[in-house]
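Engineer: Numbering (our numbering), first residue to last: 37 to 344. Even for Gly, the Cβ is constructed at its ideal location relative to N, Cα and C. Computed from a predicted structure; not experimentally measured.
#1: In whole angstroms, what separates the C-alpha of residue 298 from that of residue 313?
#2: Assign residue 217 to one of two classes, buried (16 or more other C-beta atoms within 10 Å of its C-beta) or exposed (fewer than that).
#3: In the DSSP assignment, the alpha helix (DSSP H) including residue 252 goes from what residue to what residue?
#4: For residue 254, which of 179, 275, 235, 222 has the nearest alpha-carbon?
#5: For residue 344, I'd like the list of residues in its chain whose CB is within less than 6 Å of its CB, leaving aside the five on either flank, ordered along the chain.
#6: Quick one: give me the first and last residue of the alpha helix (DSSP H) that residue 286 is part of.
#7: Counting along the chain, where does the alpha helix (DSSP H) carrying residue 85 start and finish?
#8: Applying the criterion that 16 or more other CB atoms from any shown protein chain within 10 Å of the CB defines a buried residue, is residue 43 buried or exposed?
#9: May I have the straight-line CA-CA distance separating residue 320 from residue 282, to the nearest angstrom?
#10: Rounded to whole angstroms, what's the CA-CA distance from residue 273 to residue 206? Just pull it up for me.
#11: Should residue 182 and residue 103 be called a contact, given that it needs their Cβ atoms to be closer than 8 Å?
#12: Between the Cα of residue 289 and those of 336, 226, 269, 90, spot the shortest distance and give me the residue it belongs to.
#13: Tell me which residues share the same chain as residue 74 and place their Cβ nearer than 7 Å to its Cβ, disregarding the 5 neighbours each side in the sequence.
#14: Which one of 302, 95, 284, 300 has the shortest CA to CA distance from residue 336?
#15: Give me the Cα-Cα distance between residue 292 and residue 239, rounded to the nearest whole angstrom.
#16: Buried or exposed: residue 234, going by 16 or more other Cβ atoms within 10 Å of its Cβ?
#17: Measuring alpha carbon to alpha carbon, tell me which residue in 331, 87, 247, 196 is nearest residue 60.
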């Protein structure tokens, strides 16, 4: 698909199986004002793709702030609803349990589960109001992840529904306070590289270069942190069609493309500190080749890593 295609956002919405959303529903969220995550959002938006002239010309910081703030409200509301439901279920269980002298085996076994579920819903992680069992309202990096949606969409409401669907159904593990899905993804980058290119993997490990040190932005943002933007859009066409989990293999593909440069460098840190410009077509072709080398159990990990 041409990178400037006005049809792209509709293809993405279909591939993401996103629901319909009336513009008025988005405006209601916008008019609620600052969400609990507003200050965090404002701290990040001004530097979103700051060096990309295409993005800066088409997407204003105000638009990005509105989108992220609306998403934060939607996630906040969903979280509050779950907490209320869990609290209500827990209270009902306690009343039923105390009214019975001995209690049934079902009630005995169900009560701890409900308590644990309620506890999980109220736990928070450091620096975030996100529970460990659900998406938070905002984590650093969501601004970059939202940027391509705003660029491709013809309206903020379209970008909103696509972005919200994506983070809640495709990569919920990426936007929790602990970013558990991102850390699993980084471990998988190391694992996959060791499978497809043992020599390169051993060389990087010997230099102390684990994926945690260089691939965090690429995992979290589905490579949107690496310019140019037109190539990001083309790569995302591929990822939404085949599955966002394949971003792990796309990152490994980029490492393989840099293989000679890395192996000939006494300090690969300099090379990996900033990945070279994306080449979407080459990355896609290499990714589809690498898939054939991945054992079924490892591929299953790749498919599910962003969910939990």
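Structural biologist: Let me spell this out:
#1: Rounded to the nearest whole angstrom, the CA to CA distance from residue 298 to residue 313 is 16 Å.
#2: It counts as buried.
#3: From DSSP, the alpha helix (DSSP H) with residue 252 extends over 252-256.
#4: Answer by Cα proximity: 222.
#5: For residue 344, same chain residues with a beta-carbon under 6 Å away, outside a window of 5 residues either side, are 209 in chain order.
#6: Per DSSP, the unbroken alpha helix (DSSP H) holding residue 286 starts and ends at 283-293.
#7: Counting along the chain, residue 85 falls outside any alpha helix (DSSP H), and DSSP gives it neither H nor E.
#8: Taking all protein chains shown into account, residue 43 has fewer than 16 neighbouring C-beta atoms within 10 Å of its C-beta and is therefore exposed.
#9: Near 10 Å, if we compare the C-alpha coordinates of residue 282 and residue 320.
#10: Straight-line Cα distance between these residues: approximately 14 Å.
#11: Yes.
#12: Of the candidates 336, 226, 269, 90, 226 places its Cα closest to the Cα of residue 289.
#13: Hits under 7 Å: 105.
#14: Residue 336 has its Cα closest to that of 284, out of 302, 95, 284, 300.
#15: Here the C-alpha atom of residue 292 lies approximately 13 Å from the C-alpha atom of residue 239.
#16: Only exposed fits residue 234, as fewer than 16 other CB atoms lie within 10 angstroms of its CB.
#17: Of the candidates 331, 87, 247, 196, the residue whose Cα lies closest to the Cα of residue 60 is 196.
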